[in-house]
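To start, the structure itself, in structure tokens.
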Amino acid sequence: MDKPFKTLDEQVELLRRRGMGCGSHAQLLLLREGYYAVVNGYRLPFLDPVASGRADDDRFLPGTSLDDVHALFCFDRELRAATFFRLMSIEGLMRSVLSYVFCNRHRQTEAYLRPQSYSRQRDYLRGEASFEGDLEWMINTLEHRARGVEAQGGAGATASPERRDARPDARVAHYRQNHDGVPLWVLFNELTFGNLKYFYALMRREEQEEATGRLWEACERGGTSPLTRKGVFHDLEELVAVRNTCAHGERLYDYASEETGHRSYRELLGVTGRYLTPAEEAKLRSEVEALAKRYLHEHPRLERALVGVALGRA
Numbered sequence: 020m021d022k023p024f025k026t027l028d029e030q031v032e033l034l035r036r037r038g039m040g041c042g043s044h045a046q047l048l049l050l051r052e053g054y055y056a057v058v059n060g061y062r063l064p065f066l067d068p069v070a071s072g073r074a075d076d077d078r079f080l081p082g083t084s085l086d087d088v089h090a091l092f093c094f095d096r097e098l099r100a101a102t103f104f105r106l107m108s109i110e111g112l113m114r115s116v117l118s119y120v121f122c123n124r125h126r127q128t129e130a131y132l133r134p135q136s137y138s139r140q141r142d143y144l145r146g147e148a149s150f151e152g153d154l155e156w157m158i159n160t161l162e163h164r165a166r167g168v169e170a171q172g173g174a175g176a177t178a179s180p181e182r183r184d185a186r187p188d189a190r191v192a193h194y195r196q197n198h199d200g201v202p203l204w205v206l207f208n209e210l211t212f213g214n215l216k217y218f219y220a221l222m223r224r225e226e227q228e229e230a231t232g233r234l235w236e237a238c239e240r241g242g243t244s245p246l247t248r249k250g251v252f253h254d255l256e257e258l259v260a261v262r263n264t265c266a267h268g269e270r271l272y273d274y275a276s277e278e279t280g281h282r283s284y285r286e287l288l289g290v291t292g293r294y295l296t297p298a299e300e301a302k303l304r305s306e307v308e309a310l311a312k313r314y315l316h317e318h319p320r321l322e323r324a325l326v327g328v329a330l331g332r333a
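Residues are numbered in the numbering used here as their position in the sequence shown, beginning at 1, plus a constant of 19.
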């Protein structure tokens, strides 16, 4: 079924026919933010399922306004910003710890270009069938970044949607021109979070086990690390996916993951919290709770939508 173009006036008229209140500023709001981004993205908590079923079209709950839907859109934007800020810290943690552990055990400057430096096939966290393709792709990616050689495709080549600018990094260029190779801790700044996930999966088993302890230590948690090599990999898969959700402006407030079974943003905080210091985790939770309370105070109709985010609510 075709979706013909509609003018701003036609968009507002359509919303009113479906039972949504639209003030005099509605056209400007839709022009600034976009009908698809606001209405299509955030209308679901405001739909009347019975009336929509009878009409075979969207029908909004009585009293719903465009301001309500836009408020949820704005809340989600702020939630993504707060989450993304902490994810950048976690990404930096992973860069530091993984490069430290690898380089401590492989003292040659460019040991990362040698297949012998990595996991055995039977220990590979993504499964034996994916090992050869992923290893080839990872080494090609590292070589491309270190030497400017074009990376070749592999099993992991299309698995991460993240892309970095192909322009040469000044730090990498400096080491390439003035030293005997590019150290991994320099090169890691050129890799995406998704690349780091694959690198971790390809590390040797004993290195992954050391990394779990180092991660726990770096986050000032104290005691014996409860992290496992497989658990960290699954956490990385989820964190990379959430990072991309934040970066690409996708919905986060109603977060759910089929892979992990997590069904709310609150559950996601349990994953991020494992890789933050206690103070950082507490601050993120406080920021999210304050954000939810502010929006619920200003827009009470958001209560049903934010049940999975407001930390003090059931």
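Backbone N, C-alpha and C define an ideal beta-carbon position, used for all residues, glycine too.
Model, not experiment: these values are computed from the prediction.
Is R62 closer than 8 Å to S71 when the C-beta atoms are compared?
For the purposes of this step, residue 71 is taken as the residue at position 52 of the sequence shown. For the purposes of this step, residue 62 is taken as the residue at position 43 of the sequence shown. No, the Cβ-Cβ distance between S71 and R62 is not below 8 Å.
What's the call for E209, buried or exposed, on a 16-neighbour Cβ count within 10 Å?
Numbered from its first residue, the sequence shown carries residue 209 at position 190. Buried, by the Cβ-count rule.
So, is N159 buried or exposed, given that buried needs 16 or more other C-beta atoms within 10 angstroms?
Position 140 of the sequence shown, counted from the start, is the residue given in the question as residue 159. Label assigned to N159: buried.
Output needed for D188: all residues of its chain with C-beta closer than 6 Å, excluding positions within five of it in sequence on either side, in chain order.
Numbered from 1 along the sequence shown, position 169 holds the residue referred to as residue 188. Short of 6 Å from the beta carbon of D188, and not among the five residues preceding or following it, lie these beta carbons of its own chain, in chain order: E209.
So, helix, strand or coil for S108, using DSSP?
On the sequence shown, residue 108 is found 89 positions in, with the first residue counted as 1. Helix.
Is G250 helix, strand or coil by DSSP?
What you label residue 250 is simply residue 231 of the sequence shown in a count that begins at 1. In the structure shown, G250 sits in a helix (DSSP, three-state: H, G or I).
Please go through the same chain and pick out, in chain order, the residues whose beta-carbon is closer than 8 Å to the beta-carbon of L315, but skip the five residues on each side of it.
Within the sequence shown, numbered from 1, the residue matching residue 315 stands at position 296. Taken in chain order, the residues that qualify are L321, E322, L325, A329.
Pull up the distance between the alpha-carbon of Y137 and that of R145, whole angstroms please.
Indexing the sequence shown from 1 puts residue 137 at position 118. Indexing the sequence shown from 1 puts residue 145 at position 126. Cα to Cα, the separation comes out at about 14 Å.
In this structure, how does DSSP classify L66 when only helix, strand and coil are distinguished?
Residue mapping note: residue 66 aligns to position 47 of the sequence shown, counting from 1. The answer is strand: DSSP assigns L66 an E or B state.
How is A101 classed by DSSP in three states: helix, strand or coil?
The residue you call residue 101 lines up with position 82 of the sequence shown. Correct three-state label for A101: helix.
Which residue's Cα is closest to the Cα of N123: R233, E52, S276?
As a working note, residue 123 is residue 104 in the sequence shown. Looking at the Cα atoms, R233 is the closest of the given residues.
Cβ atoms of T128 and G200: under 8 Å apart, would you say?
Against the sequence shown, residue 200 aligns to sequence position 181. Against the sequence shown, residue 128 aligns to sequence position 109. Taking 8 Å as the Cβ cut-off, G200 and T128 qualify as a contacting pair.
Note down the Cα distance separating L206 from D142, rounded to an integer number of angstroms.
As a first step, residue 206 must be located in the sequence shown, where it is residue number 187. As a first step, residue 142 must be located in the sequence shown, where it is residue number 123. So the two alpha carbons sit approximately 25 Å from each other.
Does V69 pass the burial test, meaning 16 or more other C-beta atoms within 10 Å, or should it be called exposed?
Taking the sequence shown and counting its residues from 1, the one referred to as residue 69 is at position 50. Burial state of V69 is exposed, judged by a 10 Å Cβ sphere holding fewer than 16 other Cβ atoms.
Taking DSSP's pairing of strands, which residues face F79 in a bridge?
If you number the sequence shown from 1, residue 79 lands on position 60. Per DSSP, L66.
Going by DSSP, name the residue or residues bridged to G40.
The residue labelled residue 40 in the question sits at position 21 within the sequence shown. According to DSSP, which records beta bridges pairwise, G40 is partnered with S84.
Using only the alpha-carbon positions, how far apart do K249 and Y294 sit?
Here residue 249 is taken as the residue at index 230 of the sequence shown, counted from 1. Here residue 294 is taken as the residue at index 275 of the sequence shown, counted from 1. When rounded, the distance between both Cα atoms is 15 Å.
Got a sec, what are the start and stop residues for the alpha helix (DSSP H) H163 sits in?
If you number the sequence shown from 1, residue 163 lands on position 144. Unbroken alpha helix (DSSP H) run through H163: 147–166.
Is the shortest distance between the beta-carbon of L154 and the beta-carbons of chain E less than 8 Å?
The displayed structure is made up of one protein chain only, and chain E is not part of it.
Answer with buried or exposed for Y55, where buried requires no fewer than 16 other C-beta atoms within 10 angstroms of its C-beta.
Here residue 55 is taken as the residue at index 36 of the sequence shown, counted from 1. Exposed, because fewer than 16 other Cβ atoms sit within 10 Å of the Cβ of Y55.
For S115, which residues of its own chain have a beta-carbon under 7 Å away from its beta-carbon, when the five flanking residues on both sides are left out?
The count along the sequence shown starts at 1 and reaches residue 115 at position 96. Nothing meets the Cβ criterion.
Is DSSP giving Q135 helix, strand or coil here?
Taking the first residue of the sequence shown as position 1, residue 135 is located at position 116. Looking at Q135 - three-state DSSP - the assignment turns out to be helix.
Nearest CA to the CA of A90: which residue from T247, L246, E52?
Against the sequence shown, residue 90 aligns to sequence position 71. Per the Cα distances, E52.
Report buried or exposed for A230, applying the criterion of at least 16 other Cβ atoms within 10 angstroms of its Cβ.
Counted from its first residue, the sequence shown places residue 230 at position 211. Buried.
Could you pull the start and end residues of the alpha helix (DSSP H) that R320 belongs to?
Taking the first residue of the sequence shown as position 1, residue 320 is located at position 301. Element bounds for R320: n/a, residue is neither H nor E.
Taking the straight line between their C-alpha atoms, what separation do you get for E269 and L310?
By 1-based counting over the sequence shown, the position of residue 269 is 250. By 1-based counting over the sequence shown, the position of residue 310 is 291. Spanning the two alpha carbons is a distance of roughly 18 Å.
Starting from the C-beta of R282, find all residues in its chain whose C-beta is less than 6 Å away, skip the five residues before and the five after it, and write them out in chain order.
Taking the sequence shown and counting its residues from 1, one reaches residue 282 at position 263. Within the same chain, R282 has close Cβ partners A275.
Determine, using beta carbons only, whether E110 and L132 come nearer to each other than 8 Å.
Working through the sequence shown from its first residue, we reach residue 110 at position 91. Working through the sequence shown from its first residue, we reach residue 132 at position 113. No.
With the cut-off set at 8 Å, would you say L215 and L117 are in Cβ contact?
Position 196 of the sequence shown holds residue 215. Position 98 of the sequence shown holds residue 117. Yes; because the gap between Cβ atoms is below 8 Å, this pair is in contact.
Among the residues of its own chain, which have a CB less than 6 Å from the CB of A165, if the five just before and after it don't count?
Start at 1 with the first residue of the sequence shown, and residue 165 comes out as number 146. Within the same chain, A165 has close Cβ partners V201, L206.
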